[in-house]
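Following: one structure in structure tokens, then a few remarks.
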């Protein structure tokens with residue numbers, strides 16, 4: 026394993042880790058929101074949007090730095106794609122929170138909490154993995170585990186859809202719940218994209 | 026500010042400006058279509074598709090030129106992404122027009138006109154900005170303004186969705202209107218992608 | 026026409042051809058599934074998923090090889106994009122099969138079979154074209170034909186949507202059928218992306 030980075034380059038790892046940690050906060054706000062009453066949800070969705078803005082700022086710093094520096098620790102395009110994919114995770118979770126409030130959804134199926142638990146686990150593993158990019162340590166375990174979680178999320182999503190169509194008689198309620206459930210699945214897909222990019226980087230550098 | 030481009034390279038700026046101007050035409054046809062009667066709409070959607078084909082041809086010329094020349098004024102990938110994103114703006118507006126006709130939507134909520142006004146403003150600003158890429162002039166103002174418009178569009182979109190679900194009792198009507206409103210939001214997102222790419226180019230070149 | 030590839034590089038062509046052939050199998054399983062009874066569909070969708078996993082494995086081999094070798098026959102990014110787009114074709118067809126089973130759709134409009142026939146034709150043409158990438162032979166014909174098929178698919182998709190909204194009175198049935206029809210259109214779009222990438226490669230190399 027080479028130790029190849031100068032101190033200056035390490036800013037990218039710090040920024041990526043910071044961005045991933047914002048998604049951890051986002052995922053736990055979303056989990057809190059699911060269990061909250063309708064008036065509490067308004068406040069929680071505002072905090073979710075604040076975190077989303079913080080994440081945007083970090084992503085923007087990464088892009089700006091990428092466009093202004095010559096030396097990057099990895100392939101410039103991979104860092105760019107990694108920041109974009111982490112931003113997509115955040116955006117999808119923020120969107121889910123907003124939809125729940127906007128559509129005034131009172132009761133969500135239990136399995137939606139399980140979807141959000143999968144996202145929380147993805148967020149934590151990703152935030153733990155980002156600093157390990159620096160020395161390319163234990164990244165395979167992380168990638169394997171995210172892929173396992175994404176498969177679990179996929180199965181959950183499909184069984185949730187099946188249940189929704191079986192049990193929901195009001196079509197407008199169905200449209201609302203389906204959109205929330207689909208957006209949460211998009212968040213899980215975005216975490217998988219992050220892990221696939223990490224795998225790509227690890228392969229190139231190894 | 027460097028003056029770095031040979032006359033030959035300037036074709037890219039001309040083509041990008043041309044593509045952006047097609048989206049201006051597209052956006053005004055869409056605005057016209059909203060206020061038109063059902064029989065008039067048929068004709069307007071045909072003209073919209075003609076403009077979409079013209080835009081496709083320009084995008085295709087850009088791609089072809091990119092693949093056959095060695096020297097490009099900016100990073101080849103950025104020009105490619107810029108042409109693709111402008112094409113996405115056009116496609117989404119064309120799609121919205123088609124859906125309105127296909128779904129025989131008689132009455133659209135007033136706020137849909139506001140969404141299209143945002144798109145018209147985005148289109149005009151973008152068409153004005155493309156020629157300024159040549160000397161990297163006044164691009165920051167453009168990017169800031171598009172981001173402001175996209176935020177405005179996002180707020181409009183969310184409040185429109187809220188209203189739709191509040192007021193529409195017929196689920197099939199809801200499905201139709203929601204798709205139109207969502208596709209218009211995609212068009213606004215595509216203009217934001219264009220502006221973000223312009224910002225990237227400006228940062229790299231500055 | 027240059028003969029520029031060393032034997033070792035040819036693995037990429039073999040792998041891309043293999044991936045495209047998996048989509049041929051996928052498309053015919055999907056065609057079979059449309060005409061099958063509900064109990065038979067369960068088995069067919071399982072086989073579809075098996076093929077999707079095989080395709081995933083091939084796509085993964087391509088990515089891995091790309092990240093570990095220095096010399097690639099074409100631009101590394103183009104091979105990557107080609108593998109991803111072929112994977113998207115497979116994913117969309119797999120998704121369509123799953124939705125038909127999950128939503129317990131008994132009767133599909135006849136035009137859905139025509140959509141799948143278009144996909145089968147796209148898949149076959151693509152599988153035939155992949156080995157010709159090696160010597161850049163007869164690729165224009167292939168690209169033109171795929172674009173023609175995609176336009177045909179687009180027209181089919183729009184007329185199907187029109188019919189669905191005209192004839193379906195139950196909104197929940199409408200939601201189900203619309204999703205299947207939209208996912209099949211995504212598969213056709215993905216085949217068009219493959220053809221556009223092939224055109225790009227051919228232009229760069231010519």
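Protein chains in written order, with this note's numbering: chain A, 26 to 231; chain B, 26 to 231; chain C, 26 to 231.
Every residue, glycine too, gets a C-beta built ideally from N, C-alpha and C.
Remember, predicted model here, so these are calculated numbers, not experimental data.
- Membership of residue 125(B) in the alpha helix (DSSP H) is indicated by the continuous run 101-127.
- For residue 231(C), the secondary structure class from DSSP, reduced to helix, strand or coil, is coil.
- Secondary structure note for residue 88(B): its alpha helix (DSSP H) is the uninterrupted segment 63-93.
- Within the region 184-198 of chain B, the residues whose Cβ lies closer than 7 Å to some Cβ of chain A are 186, 187, 190, 196, listed in chain order.
- Judged by DSSP in its simplified three-state form, residue 49(B) adopts helix.
- At least 8 Å separates the beta-carbon of residue 205(B) from that of residue 104(B).
- When DSSP states are grouped into helix, strand and coil, residue 131(A) belongs to the coil group.
- For residue 177(B), the uninterrupted alpha helix (DSSP H) segment begins and ends at 164-192.
- Under a criterion of Cβ atoms nearer than 8 Å, the residues of chain C adjacent to residue 200(A) are, in order, 200.
- By the C-beta density criterion, residue 178(C) is buried, having at least 16 other C-beta atoms within 10 angstroms.
- For residue 228(B), the closest of 191(B), 200(B), 67(B), 99(B) by C-alpha to C-alpha distance is 99(B).
- Non-local beta-carbon contacts of residue 224(B) in its own chain, meaning distances under 6 Å to residues more than five positions away in sequence, involve 168 in chain order.
- For residue 88(A), the closest Cβ of chain B is nearer than 8 Å.
- Per the C-alpha coordinates, the member of 63(A), 144(A), 196(A) positioned closest to residue 45(A) is 144(A).
- Between the region 77-89 of chain C and the region 137-151 of chain C there are fewer than three C-beta pairs closer than 8 Å, too few to call the two in contact.
- Fewer than three beta-carbon pairs drawn from the region 173-188 of chain C and the region 179-189 of chain B are found closer than 8 Å, and the two stretches are therefore not classed as touching.
- Not a single C-beta of chain B is nearer than 8 Å to the C-beta of residue 69(A).
- Distance between residue 37(B) and residue 165(B), taken at the CA atoms: about 20 Å.
- Residues of the region 110-132 of chain C whose Cβ lies closer than 9 Å to any Cβ of chain A, in chain order: 123, 124, 127, 128, 129.
- Residue 98(B) sits in coil when the DSSP states are folded into three classes, being neither helix nor strand.
- For residue 40(B), not one C-beta of chain A is nearer than 8 Å to its own C-beta.
- Interface with chain B (8 Å Cβ-Cβ cutoff): residue 228(C) is included.
- Relative to the Cα of residue 87(C), the nearest Cα in the group 39(C), 219(C), 174(C), 200(C) belongs to 39(C).
- A check of alpha carbon separations from residue 135(B) across 54(B), 59(B), 51(B), 226(B) identifies 59(B) as the nearest.
- In the three-state DSSP reduction, residue 159(B) falls in the coil class, being neither helix nor strand.
- Identification of chain C residues near residue 92(B) by a Cβ-Cβ cut-off of 8 Å yields 225, 228, 229, ordered along the chain.
- Counting of Cβ neighbours within 10 angstroms places residue 65(B) among the exposed residues, the total staying below 16.
- Spanning the alpha carbons of residue 97(C) and residue 91(C) requires a straight line of approximately 7 Å.
- Taking C-alpha positions only, residue 35(C) is separated from residue 222(C) by approximately 18 Å.
- Judged by their CB atoms, residue 149(B) and residue 219(B) are not nearer to each other than the 8 Å cut-off.
- The closest CA to that of residue 152(A), considering only 102(A), 209(A), 115(A), is found on 115(A).
- Look at residue 195(B) here: in three-state DSSP terms it is coil, with no helix or strand label.
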